[in-house]
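Accompanying notes for the structure given below.
Rendered as structure tokens:
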């Protein structure tokens with residue numbers, strides 16, 4: 610097993626493409642996103658919130674990068690670009706991975 614860092618962003622589906630682009634520009638080799646629902650400071654959100662193509666719903670986006678500095682730089686860029694005008698939360702956590710070459714740029 611090898612040490613790496615996972616970054617997690619939970620935000621509005623309407624900005625998914627922009628957030629994903631920043632993740633890739635920041636040095637990640639890929640990401641995963643899933644529908645997300647829950648309750649927080651902005652109230653309760655369903656994972657299947659109505660709207661054109663579900664654009665009003667939330668997503669959880671995860672990416673694994675080689676180190677915490679890279680992960681923190683990516684989420685800071687995302688927060689600076691989007692979180693003043695869109696809901697969002699971001700955090701990092703240490704993970705242990707197999708096949709570290711999959712996450713190196």
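In my numbering, the protein residues as written are 610 to 714.
C-beta atoms are modelled at their ideal positions from N, C-alpha and C, and glycine is treated no differently.
For clarity, every value in this text was computed on a predicted model and none was experimentally measured.
My output table needs one value for residue 616: the three-state DSSP class, helix, strand or coil. Reduced to three states, the DSSP call for residue 616 is strand.
Under a three-way DSSP split, which group does residue 690 fall into? Of the three classes helix, strand and coil, the one that applies to residue 690 here is helix, per DSSP.
Sort 701, 642 and 710 by Cα distance to residue 624 and report the nearest one. Minimum Cα distance to residue 624 is reached at 642.
Could you round the C-beta distance between residue 640 and residue 671 to whole angstroms and report it? I think they count as a contact, below 8 Å. Between residue 671 and residue 640 the Cβ distance is about 7 Å, and since that is below 8 Å, they are a contact.
Can you tell me the Cα-Cα spacing of residue 693 and residue 705, whole angstroms? Whole-angstrom Cα-Cα distance: 32 Å.
Nearest CA to the CA of residue 687: which residue from 699, 677 and 678? Closest by alpha carbon: 699.
Look at the Cβ atom of residue 631, then the Cβ atom of residue 673, and state whether they are nearer than 8 Å. No, Cβ-Cβ distance for residue 631 and residue 673 is not below 8 Å.
Tell me, which residues are paired with residue 669 by DSSP? Bridge partners of residue 669: 619 and 643.
Can residue 679 and residue 646 be called in contact, C-beta distance under 8 Å? Contact: no.
Residue range of the unbroken beta strand (DSSP E) whose run includes residue 699: Run containing residue 699: 697–706, per the beta strand (DSSP E) assignment.
Looking at the unbroken alpha helix (DSSP H) that takes in residue 626, where does it start and where does it end? Taken as a continuous stretch (DSSP letters only), the alpha helix (DSSP H) holding residue 626 covers 625–634.
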